[in-house]
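Below you'll find the structure, written out as structure tokens, and then a few comments.
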Amino acid sequence: MTAILEFWDIIRPALGSALMLVGAVLAVIGTIGVLRFPDFYSRLHAASVTDTAAATLALVGMALLAPSFAVVFKLAVVWLFLFLTGPTSSHALANAAHTAGLQPLIGRIGKEDGGEG
Amino acid sequence: MIGAAAIAFVVAIALMLIRALSGPTLYDRVLAVNSIGTKIILLLGVIGFLTGRPDFLDISILYALINFVSTIAILKFFRYRSFQVSLTRRERGGTK
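Listed in order, the protein sequences are those of chains L and E.
Counting from 1, one number per residue, gives the positions in the first sequence under this note's numbering.
Counting from 1001, one number per residue, gives the positions in the second sequence under this note's numbering.
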């Protein structure tokens, strides 16, 4: 048991740093997607990579590096806020753009199988 | 390795700033600002662990709150051109 705990104490900082680096790389990848995608709605899809995977991986990495449980609690609060507000703001953005009449690049979904053919 | 993560977040913020400055529509700019806010939240936490002071997470929580509220406020303002409009539905047929 103590051997497992010692091994965990050795591997914990390296694992936490690696998870933080993976999260940061995912943030860069999502940003490249936002820069290169041709359409607002596809850019929204690329930006959601940052909101979910990058945030979760970076916060789990920070939790592995945390010195006390109060820090882990704060990280959990940050994660909960991002988990609740990220999809809400994405939905608000897409709803506002759709209400304002912004068309997707391929046209409206369901137009070609609608009445006009 | 934590420093590399911080540098990667800074690079992501700088790249997203290009989209915020050159977005064709308003919604691209709002999306870019919202995404920059998320990345700044994570960057604050990373900087806190980089300098050995995890108290930066308090600022991070505060920034998460302000980021969400500002996104909703910007969208509401550009839909109604005013902050005075109630977002709840009227009881029976209000006068628009």
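Heads up, the beta-carbon is just placed ideally off N, CA and C, and yes, glycines get one too.
Check whether residue i and residue j have beta carbons under 7 Å apart
i: residue 76 of chain L; j: residue 23 of chain L; result: no
i: residue 31 of chain L; j: residue 1012 of chain E; result: yes
i: residue 1005 of chain E; j: residue 1 of chain L; result: no
i: residue 89 of chain L; j: residue 1071 of chain E; result: yes
i: residue 1008 of chain E; j: residue 25 of chain L; result: yes
i: residue 1036 of chain E; j: residue 1016 of chain E; result: yes
i: residue 1028 of chain E; j: residue 37 of chain L; result: no
i: residue 85 of chain L; j: residue 1068 of chain E; result: yes
Anticipated Cβ contact below 8 Å, residue i with residue j, distance rounded
i: residue 1032 of chain E; j: residue 34 of chain L; result: 7 Å
i: residue 181 of chain L; j: residue 1039 of chain E; result: Past the boundaries of the shown model lies residue 181 of chain L; chain L is included only from 1 to 117, so the question cannot be answered.
i: residue 13 of chain L; j: residue 65 of chain L; result: 6 Å
i: residue 46 of chain L; j: residue 1042 of chain E; result: Actually they do not touch by this definition, with Cβ atoms about 17 Å apart.
i: residue 1045 of chain E; j: residue 62 of chain L; result: 5 Å
Burial state of residue i, where buried means 16 or more other Cβ atoms lie within 10 Å
i: residue 1021 of chain E; result: exposed
i: residue 118 of chain L; result: What the structure shows of chain L is the stretch from 1 to 117, and residue 118 of chain L is not part of that stretch, so it cannot be assessed.
i: residue 1002 of chain E; result: buried
i: residue 1082 of chain E; result: exposed
i: residue 1075 of chain E; result: buried
i: residue 1085 of chain E; result: exposed
i: residue 81 of chain L; result: buried
i: residue 68 of chain L; result: exposed
i: residue 16 of chain L; result: buried
i: residue 3 of chain L; result: exposed
i: residue 44 of chain L; result: buried
i: residue 1049 of chain E; result: buried
i: residue 11 of chain L; result: exposed
i: residue 1080 of chain E; result: exposed
i: residue 7 of chain L; result: exposed
i: residue 117 of chain L; result: Note that residue 117 of chain L scores a pLDDT of 37, beneath 50, so its modelled location is shaky; the value from the coordinates is reported in the next line. With fewer than 16 Cβ atoms within 10 Å of its Cβ, residue 117 of chain L is classed as exposed.
Just checking, does the segment 1047-1058 of chain E make contact with the segment 64-80 of chain L on the three C-beta pairs under 8 Å criterion? yes
On the three-pair Cβ rule with 8 Å, is the segment 63-72 of chain L touching the segment 90-107 of chain L? no
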